[in-house]
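Protein chains in written order, with our numbering: chain L, 7 to 121; chain A, 6 to 118.
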Amino acid sequence: NAGVTQTPKFRVLKTGQSMTLLCAQDMNHEYMYWYRQDPGMGLRLIHYSVGEGTTAKGEVPDGYNVSRLKKQNFLLGLESAAPSQTSVYFCASSRGQGRGWDTQYFGPGTRLTVL
Amino acid sequence: QKEVEQDPGPLSVPEGAIVSLNCTYSNSAFQYFMWYRQYSRKGPELLMYTYSSGNKEDGRFTAQVDKSSKYISLFIRDSQPSDSATYLCAMDELTGGGNKLTFGTGTQLKVEL
């Protein structure tokens, strides 16, 4: 099993360009998450999904859109990139146990620079 | 003020030392407390989790939670160079509909030979 994979690993964008980050998991997990990690800020939740076809906003959703058309994939889109979106983006997934707690498994990250 | 505060370090210790890593928090609704380890340029991986107050031990690692003081700790005994990483604390209210974690900023640890 590959676990959680992210594509691409690195990307440089110019201000105003758009791009999509792809997250894939092969663990048949229900829940998926997108985080960004910035120095001095820790990991912050952007959007998440509790099942195929569902998405919800996290702590810092502005400037991002997401889609979960297939259970194994969670896409993060930047419609018009801004320098403030320069960050390392992590995807995570978890089995999903309703009100119970379960482990979040993280991908290796995507390093995005917006010039 | 952030919900979760964590000293960023860096913390440098000699091999074999006992390491103490700490987080404080302000949200009394947090119920689950986790420690993640993140190696440079890698994703975080879960090290330990604890429910409510108390201690939990796993090999060289011990997690402590004191809900009355809103304070959690991770102790590493007999530290090794392979423990050099950033340690992130994380907390969860368990409100349902997805486990939305609140992370500390991470403490960078270096264990030197």
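Every residue gets a Cβ at the ideal spot worked out from N, C-alpha and C, and that includes glycine.
Just so we're clear, the structure is a prediction, and the values are computed from it rather than from any experiment.
- Task: Return the Cβ separation of Asp44 (chain L) and Asn7 (chain L) in integer angstroms, given the expectation that the two are a contact with Cβ distance under 8 Å.
- Result: Mapped onto the first sequence, residue 44 (chain L) falls at position 38. Mapped onto the first sequence, residue 7 (chain L) falls at position 1. No, Asp44 (chain L) and Asn7 (chain L) are not in contact; Cβ-Cβ is about 30 Å, not under 8 Å.
- Query: Taking a cut of 7 Å between CB atoms, which residues from the stretch 37-48 of chain L lie near chain A?
  - Reply: Of all residues in the stretch 37-48 of chain L, only Tyr37, Gly46, Met47 and Gly48 come within less than 7 Å of chain A when Cβ atoms are compared, listed by chain position.
- Message: Quick check on this structure: which residue in L:Gly102, L:Lys76, L:Cys97 and L:Val10 has the alpha carbon closest to the alpha carbon of Gly198 (chain L)?
- Response: With chain L represented from 7 up to 121, any question about residue 198 (chain L) goes unanswered, as that position is not in the structure.
- Message: For a test of the three-state rule: what should DSSP assign to Ser57 (chain A), helix, strand or coil?
- Response: In the second sequence, residue 57 (chain A) corresponds to position 52, counting from 1. If DSSP states are grouped into helix, strand and coil, Ser57 (chain A) belongs with coil.
- What whole-angstrom Cβ distance do Leu51 (chain L) and Gly64 (chain L) have, given they're in contact under 8 Å? Taking the first residue of the first sequence as 1, we reach residue 51 (chain L) at position 45. Taking the first residue of the first sequence as 1, we reach residue 64 (chain L) at position 58. Between Gly64 (chain L) and Leu51 (chain L) the Cβ distance is about 3 Å, and since that is below 8 Å, they are a contact.
- Query: Thr109 (chain L) touches chain A at which residues, Cβ-Cβ below 8 Å?
  - Reply: Position 103 of the first sequence, counted from the first residue, corresponds to residue 109 (chain L). Under the 8 Å cutoff, chain A gives Leu51 and Tyr54.
- Segment contact flag, the stretch 12-30 of chain L with the stretch 107-115 of chain L, C-beta cutoff 8 Å, min 3 pairs: Yes, they touch.
- Message: Please classify Ile81 (chain A) as buried or exposed, where buried requires at least 16 other C-beta atoms within 10 Å of its C-beta.
- Response: Numbered from its first residue, the second sequence carries residue 81 (chain A) at position 76. Burial state of Ile81 (chain A) is buried, judged by a 10 Å Cβ sphere holding 16 or more other Cβ atoms.
- Report yes or no: do three or more beta-carbon pairs, one from the stretch 21-29 of chain A and one from the stretch 83-103 of chain L, lie closer than 8 Å? With contact defined as three or more Cβ pairs closer than 8 Å, the stretch 21-29 of chain A and the stretch 83-103 of chain L are not in contact.
- Which ranges does the beta strand (DSSP E) cover as unbroken runs of at least 3 residues, wholly within the stretch 37-118 of chain A, from first to last along the chain? Residue ranges of uninterrupted beta strand (DSSP E) with 3 or more members, entirely inside the stretch 37-118 of chain A and ordered along the chain, are 37-43, 50-56, 59-63, 66-71, 76-81, 90-97, 106-108 and 112-117.
- Message: Taking CB distances under 8 Å as the criterion, tell me whether Lys47 (chain A) reaches chain L.
- Response: To locate residue 47 (chain A), count along the second sequence from 1; it is residue 42. Yes, Lys47 (chain A) counts as interfacial toward chain L.
- Could you tell me the boundaries of the beta strand (DSSP E) in which Met25 (chain L) lies? Mapped onto the first sequence, residue 25 (chain L) falls at position 19. Following the DSSP letters along the chain, one finds Met25 (chain L) inside the beta strand (DSSP E) bounded by residues Met25 to Gln31.
- For Ser86 (chain L), which beta-bridge partners are listed by DSSP? As a first step, residue 86 (chain L) is located in the first sequence; it is residue number 80 there, counting from the start. According to DSSP, Ser86 (chain L) bridges with nothing at all.
- Pairing CB atoms from the stretch 42-60 of chain A with CB atoms from the stretch 71-89 of chain A, are three or more of them under 8 Å? Taking 8 Å as the limit for Cβ pairs, the verdict is that the stretch 71-89 of chain A does touch the stretch 42-60 of chain A.
- Query: Going by beta carbon distance, what residues of the same chain come within less than 7 Å of Glu8 (chain A), once the five residues before and after it are set aside?
  - Reply: The residue given as residue 8 (chain A) occupies position 3 in the second sequence. Same-chain partners within the cutoff: Tyr30, Ser31, Asn32 and Thr107.
- Backbone CA spacing between Gln69 (chain A) and Lys75 (chain A) [nearest angstrom]: On the second sequence, position 64 is the one that residue 69 (chain A) refers to. On the second sequence, position 70 is the one that residue 75 (chain A) refers to. Gln69 (chain A) and Lys75 (chain A) have their C-alpha atoms spaced approximately 11 Å apart.
- Nonlocal neighbours in the same chain, by C-beta distance under 7 Å from Ser34 (chain A), ignoring five residues either side: The count along the second sequence starts at 1 and reaches residue 34 (chain A) at position 29. In the sequence as presented, Ser is not what sits at residue 34 (chain A); that position holds Ala. Hits under 7 Å: Glu98.
- Of all Cβ atoms in chain L, is any one closer than 8 Å to the Cβ of Gly111 (chain A)? Numbered from its first residue, the second sequence carries residue 111 (chain A) at position 106. True, the Cβ-Cβ gap to chain L drops below 8 Å.
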